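This report concerns only the one structure given below.
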Amino acid sequence: MFIVKIPGVNGFGKTHGCEGAGNAILKSLKELHSNEHGKIIDTTLLDLEEIHLDNSNLELTNKLIYENSFEIFETKPKTIFLGGDQSISYSTTKAFFDYCNNYLKKSCLIVFDAHADCLKPFGEPTNRDWLRKLIENGFPSENILLVGVRNLEKSEMDFLKEKKIKQIKMNSILEDIDNIADTLMEFSFGKETYVSLDIGVVDPIFASSTANLVAGGLTSRQIIYLMQRINKIPTLRAVDIVEINSEKDETNLTIQLGAKILGELI
8 MFIVKIPGVN
18 GFGKTHGCEG
28 AGNAILKSLK
38 ELHSNEHGKI
48 IDTTLLDLEE
58 IHLDNSNLEL
68 TNKLIYENSF
78 EIFETKPKTI
88 FLGGDQSISY
98 STTKAFFDYC
108 NNYLKKSCLI
118 VFDAHADCLK
128 PFGEPTNRDW
138 LRKLIENGFP
148 SENILLVGVR
158 NLEKSEMDFL
168 KEKKIKQIKM
178 NSILEDIDNI
188 ADTLMEFSFG
198 KETYVSLDIG
208 VVDPIFASST
218 ANLVAGGLTS
228 RQIIYLMQRI
238 NKIPTLRAVD
248 IVEINSEKDE
258 TNLTIQLGAK
268 ILGELI
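So the sequence shown is numbered by my numbering: it starts at 8 and just counts up by one.
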């Protein structure tokens, strides 16, 4: 497992503090001796890298993320990207899509988020429009699945309907989480898979240190279970964990949840 820190932010000024999440999550990971499958966690043995960024130059930032990510997909079988806010997901998923196209592989994207991030984009991608920009630049909308979205603007509703983007709603998860996990496995079958995890998909009572809080989300137990199931996808190539604000996390619970999820994936 290859772990890459990407301290990129472009969230309308609301996500400053997410830059340090990668280091904070890795520090918290040291407190976990093993994951729930009994695998010993030794942080000294982790294969780590950081993409060094200048967030005052967003064009250069996105170029660096894209180029490094593309090379990673060519050389590493499985990668976890630690943000940063979700604006980084545009460049990592664009690199993923282009890599799959170059090697004639089918691709799919599963996004866990409280928001659809499909506002009309202007300029460099932000954490609220990155997915729409990705779709408009070629990622096939039929191969995208949104999980846990519960706060949509009218323009986003129209865009999702127009593009026929599949969704798994919160109530469906509550009704039968095992069946939903099976659905995720089926959706990814035969396709190279990228999973983007915005910590905001989790209810604020379990993960409060993030921007744009929306009540009524997943429990920490539910997201851990779903990520454990996702980690069994044979074609899983990448996961990003984004939108954790380490500067706001006075209780350290959001960072601990990020570390716990990371521990279940490695």
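No residue lacks a Cβ here, since even glycine has one placed at the ideal position from N, Cα and C. All values derive from a computational prediction rather than experimental measurement.
Contact annotation, Ile32 with Ser41: C-beta distance approximately 17 Å; criterion of less than 8 Å not satisfied. Cβ atoms of Gly20 and Lys255 stay farther apart than 8 Å, at about 14 Å. Here the C-alpha atom of Pro84 lies approximately 15 Å from the C-alpha atom of Asn75. Leu264 and Gly130 have their C-alpha atoms spaced approximately 32 Å apart.
In this structure, the alpha-carbon of Lys168 lies about 24 Å from that of Leu225. The Cβ atoms of Cys107 and Asn150 lie no closer than 7 Å to each other.
Closest in C-alpha terms to Lys112, from the list Thr86, Phe146, Glu26, Pro132, comes Phe146. Pairing Asn109 with Ile95, the inter-Cα distance amounts to about 21 Å. Annotation for Ser179: the continuous alpha helix (DSSP H) segment containing it runs 177-182.
Minimum Cα-Cα distance from Leu55 among the listed residues Leu65, Thr86, Pro241, Cys125 corresponds to Thr86.
In this structure Asp120 does not touch Gly91 by the C-beta definition: roughly 15 Å separates them, more than the 8 Å allowed.
In this structure, Ile79 and Gly15 do not form a Cβ contact; the two beta carbons are roughly 15 Å apart against a cut-off of 8 Å.
Exclusion of the five residues before and after Pro132 leaves Ser94, Tyr97, Lys140 as the residues of its chain whose Cβ lies within less than 6 Å of its Cβ.
The continuous stretches of alpha helix (DSSP H) do not include Asp210, and DSSP gives it neither H nor E. Under the three-state reduction of DSSP output, Lys140 falls in the helix class.
Taking the Cα of Ile231 as reference, the smallest distance to any Cα among Ala222, Lys267, Tyr201 is reached at Lys267. For Ser215, the three-state secondary structure derived from DSSP is coil.
Glu271 sits buried, since 16 or more C-beta atoms from the chains shown fall within 10 Å of its C-beta. The residue among Ala102, Leu153, Lys37 with its C-alpha nearest the C-alpha of Asp124 is Leu153.
Bridge partners of Thr200 according to DSSP: Cys115, Leu243. A residue is called buried when at least 16 other Cβ atoms come within 10 angstroms of its Cβ; Ser63 does not meet this threshold and is exposed. Residue state for Ser41 is assigned as strand, using DSSP reduced to three classes. Secondary structure at Asp189: helix, using DSSP grouped into helix, strand and coil.
By the 16-neighbour rule on beta-carbons within 10 angstroms, Asn252 is buried. Under DSSP, Glu56 forms a beta bridge with Val11.
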